Amino acid sequence: MRINLFLWVLIGWAGSLSAQLLPDKDTNEAWTYPELIEAYKELDQQYLNAQYLELGQTDCGRPLSLFLIQKEAFSEEQSLAQLAEGKLVTLINNGIHPGESCGMDASIMWANNMLALGGPDEGHLIAIIPVYNIGGSLQARPHTRANQNGPELQGFRGNARNLDLNRDFIKGDALNTFSFWALYQALKPHIFVDTHTSNGADYPYTLTLIASQQDKLAPSLAQLQQEKMLPYLYTEMAKSWPMVPYVNVFGRPPNDGYAAFLESPRYASGYTALFHSLGFITEAHMFKSYPQRVLSTYQFLQHLNSFSEAHRAEILLAFKEAQKWEKESLSFPVAWELDSTQVEQLDFNAFEYSYEPSELGAYRRLRYHRDQIEELKIPYYPHYKAVEEAYVPKYYVIPQAWREVISRLQYQNIEMRPLAQDTLMEVRSTYLQEWNHSDAPYEGHFRTEVEQVEVRTDSRLFYAGDYLVPGDQMHRYFLASVLSPKSVDSYLSWGFFDIIFQQKEYFSPYVFEDKAMEMLKHPLIKREYDQWMAEHQDLQGNPWAVLTFFYQRSEYYEMEHLRYPIAEIY
1 MRINLFLWVL IGWAGSLSAQ LLPDKDTNEA WTYPELIEAY KELDQQYLNA QYLELGQTDC
61 GRPLSLFLIQ KEAFSEEQSL AQLAEGKLVT LINNGIHPGE SCGMDASIMW ANNMLALGGP
121 DEGHLIAIIP VYNIGGSLQA RPHTRANQNG PELQGFRGNA RNLDLNRDFI KGDALNTFSF
181 WALYQALKPH IFVDTHTSNG ADYPYTLTLI ASQQDKLAPS LAQLQQEKML PYLYTEMAKS
241 WPMVPYVNVF GRPPNDGYAA FLESPRYASG YTALFHSLGF ITEAHMFKSY PQRVLSTYQF
301 LQHLNSFSEA HRAEILLAFK EAQKWEKESL SFPVAWELDS TQVEQLDFNA FEYSYEPSEL
361 GAYRRLRYHR DQIEELKIPY YPHYKAVEEA YVPKYYVIPQ AWREVISRLQ YQNIEMRPLA
421 QDTLMEVRST YLQEWNHSDA PYEGHFRTEV EQVEVRTDSR LFYAGDYLVP GDQMHRYFLA
481 SVLSPKSVDS YLSWGFFDII FQQKEYFSPY VFEDKAMEML KHPLIKREYD QWMAEHQDLQ
541 GNPWAVLTFF YQRSEYYEME HLRYPIAEIY
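Residues in the sequence shown are numbered from 1 upward in steps of one, following UniProt numbering.
So, in structure tokens, the structure goes:
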């Protein structure tokens, strides 16, 4: 067991603190989940300004742990929200993919060293999730990562329900996610870090970085991130571990350029961006030695902390301005595509490569030549543009029947109030016209992409206990992102409303033929039918198609079919 930290050695580190506790450079062993938890508990016992907590459940039955560090001693009476009040808050998430464990090891080292040196600056609360995917960590074995150089034991990507937790931050299939939502909404972190190991192309860099997509951030945060924070981080990391933006390519070399990674709200940093956290995803390179991956991640945490504490007031101000921007914005981007018109030239060291005949089949395989490095300038596409904007109404009206949606909103501290009595309301209703369902499940769901809708004004009866959700509240960006049907990660896209695609009542052709003839006497129906027949000549001999045209325009056709259950009041 390493709970006494006895495998760590005291060494000097150029460009940072004069003496730090770091792991043995030759080790290829990662800390196990039990060892990490015992180490954090030991730090809790050793330092008054450290606190180990267990908050909420995970799918494997173990509680989710959180480790806190601040300058002053902790009081047992304070809640997370009270501890965070008025402070700069940094949240570090580790082990969402437990086979990528370098951040887990780097964080325990970093926490130990910070506490040994007195803790963070006053007014800074640091929160560390030691291992997020506990179930995957407990499945550690030698061969879960085919593309990775160590450590000897690697956790498994899936959790106890075989979920990729880094796709779960909107749909919330895992208990882990509910526990994360609760602690995140209590802490309201200004800075969020998610530690990973890459699994794609080969290149010389030990660490690459995904920062929150600038085009999704509030202007104040985007400006701070792009003009000050990222330049500082890249400059400081270059002194020991040169870093480039995450190499977002698969199946080909990066030598011809690449685009920034777009983390939609299903991802950890995509979710946190909706609440104005500045997000950073470290990606240590899979083929570098395990100690190098740990040390580079450690060094990033150190530099990020240095910037954050030096610019605490500026970060807090940018956060407040982001909240003001959110409150004043009428609409928010909810779907994006790459902006190929904005390109930068990125200095990039690349391995030379070749395609050689495979000995396994009639194809050519890619081979990198690590002894041959090219210094290149490659095109880099850092921007995405919105292709869908969602307006926030005065109220959303959510029937209580959709309890899975309501519970997820409540975990985000969304304000809502139940109707006291049955009420007939004039609302805007959205009817789906064109959509695509996925052919195979993705993370346990058949995804739906809505392409075309029709919005109508309806009078609808809502019942006592149905919910009015004010649009004029905090977290409007989140509401737009999950309640807009065309949002890339809406609740509709994740299948929460799939039942509306199934029609419940039908007709018998021999019965409805006569009703259709009566309807055809109406001039408007006649014009629509003539146009429909002209556009669908191939269906003229199909009685079901012809009669469906009339049925869907009759009083018998159920209004619930293809109607999005959530209404809006403007």
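Yeah, the Cβ is synthetic: ideal placement off N, Cα and C, and Gly gets one too.
All values reported here derive from a predicted model rather than from experimental measurement.
- Cα atoms of L221 and V450: separation of roughly 30 angstroms, rounded to the nearest angstrom.
- Annotation: the continuous alpha helix (DSSP H) that includes F478 extends over R476 to L483.
- A direct Cα-Cα distance of roughly 21 angstroms separates K324 from S308.
- Counting along the chain, no alpha helix (DSSP H) covers D371; the unbroken beta strand (DSSP E) around it starts and ends at R364 to Y381.
- Within the DSSP secondary-structure output, H196 pairs in a beta bridge with E283.
- Look at the beta carbons and you see the segment 189 to 201 touching the segment 244 to 252: at least three pairs across the two are nearer than 8 angstroms.
- Within the segment 409 to 447, complete beta strand (DSSP E) segments of at least 3 residues are found at 423 to 437, given in chain order.
- A straight-line Cα-Cα distance of about 12 angstroms links R157 and H143.
- The DSSP assignment places 33 to 46 and 80 to 84 as complete runs of the alpha helix (DSSP H) inside the segment 23 to 96, in order along the chain (cut-off: 4 residues).
- Out of I281, D256, Y267 and A273, the CA that lies nearest to the CA of E352 is found in D256.
- In this structure, P333 sits near K216, with a CB-CB distance shorter than 8 angstroms.
- For N113, the enclosing alpha helix (DSSP H) has its first and last residue at C102 to A116.
- By the C-beta criterion, the segment 68 to 85 is judged to be in contact with the segment 122 to 139, since at least 3 inter-stretch pairs fall below 8 angstroms.
- DSSP places A516 inside the alpha helix (DSSP H), whose first and last residues are P509 to M519.
- For T177, the secondary structure class from DSSP, reduced to helix, strand or coil, is helix.
- In the DSSP assignment, L125 falls within the unbroken beta strand (DSSP E) covering H124 to I129.
- Close CB contacts of A111 within its chain, under the 7 angstroms cut and outside five residues either way in sequence, are with L43, F67, I69 and I128 (chain order).
- Closest in C-alpha terms to P245, from the list A218, S212, M559 and R266, comes S212.
- One Cα belongs to T341, the other to P242, and the distance between them is close to 28 angstroms.
- Judged by DSSP secondary structure, A534 falls within the alpha helix (DSSP H) whose first and last residues are P523 to E535.
- If only complete runs of 4 or more residues are kept, the segment 273 to 318 shows the alpha helix (DSSP H) at 290 to 310, in order along the chain.
- Here the alpha carbon of K515 sits roughly 33 angstroms from the alpha carbon of Y463.
- D489 carries a coil assignment under DSSP once its states are collapsed to helix, strand and coil.
- Cβ contact annotation for G150 (same chain, cutoff 6 angstroms, sequence separation greater than five): N28 and Y290, in chain order.
- Per DSSP, Y506 lies in no beta strand (DSSP E) and is assigned neither H nor E.
- Bounds of any alpha helix (DSSP H) do not take in Y384; it lies within the beta strand (DSSP E) bounded by Y384 to Y391.
- For Y395, the enclosing beta strand (DSSP E) starts and ends at Y395 to I398.
- The segment 43 to 59 makes contact with the segment 177 to 195, as at least three CB pairs between them are under 8 angstroms.
- In chain order, I210, Y246 and N248 place their CB closer than 6 angstroms to the CB of F261, counting only its own chain and leaving out the 5 sequence neighbours on each side.
- Cβ atoms of Y271 and F169 come within 8 angstroms of each other, at about 4 angstroms.
- Going by DSSP, A222 is part of the alpha helix (DSSP H) stretching over P219 to L224.
- Each of V453, E356 and A140 was checked against the Cα of R365, and the nearest Cα belongs to E356.
- At the C-beta level, T430 and V392 stay beyond 8 angstroms of one another.
- Per DSSP, P142 is not a residue of any beta strand (DSSP E), being assigned neither H nor E.
- Distance from the CA atom of R141 to the CA atom of A238, rounded to whole angstroms, is 34 angstroms.
- By the neighbour-count criterion, in which 16 or more other beta carbons inside 10 Å mark a residue as buried, K87 falls on the buried side.
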